[in-house]
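Residue numbers (this note's numbering): 3 to 123. Even glycine gets a Cβ: it sits at the ideal position worked out from N, Cα and C. Every value quoted in this text rests on a predicted model; they were computed, and no experiment measured them. Remarks on the structure that follows.
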């Protein structure tokens, strides 16, 4: 997504004749075409929920709970986030995005519950 961010934002800025200095001003980013904004929004989203995932996986590893189900849940979460990114950066259907986002949080919730059961159960 980092490469895609620059691969879309820079051409959009050139097309709209916006300098890098002006991008820091409030509201200027909102004037970029949606195809450039969607990638930037997705890049920002990758700093939100996935950070919880990273913490959960680290805790599961430290608790030595690296079983097949946790591994499958973790890879399912990663796959769902990839699908979410593809939806947001291509056709950006909000209902599809929300559906994938919701399922990814259910999967993440499953990892959290399994970690808690392993810790306290």
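About 7 angstroms separates the beta carbon of residue 109 from that of residue 82, a gap short enough to meet the 8 angstroms contact definition. Two segments are said to touch when three or more pairs of C-beta atoms, one from each, lie closer than 8 angstroms; by this definition the segment 7 to 16 touches the segment 37 to 45. Contact between the segment 25 to 32 and the segment 54 to 64 is not established, with fewer than three Cβ pairs separated by less than 8 angstroms. Per DSSP, residue 67 lies in no alpha helix (DSSP H) segment and is marked neither H nor E. Under the three-state reduction of DSSP output, residue 14 falls in the helix class. At least 8 angstroms separates the beta-carbon of residue 92 from that of residue 6. Pairing residue 87 with residue 44 gives a Cβ-Cβ distance under 8 angstroms.
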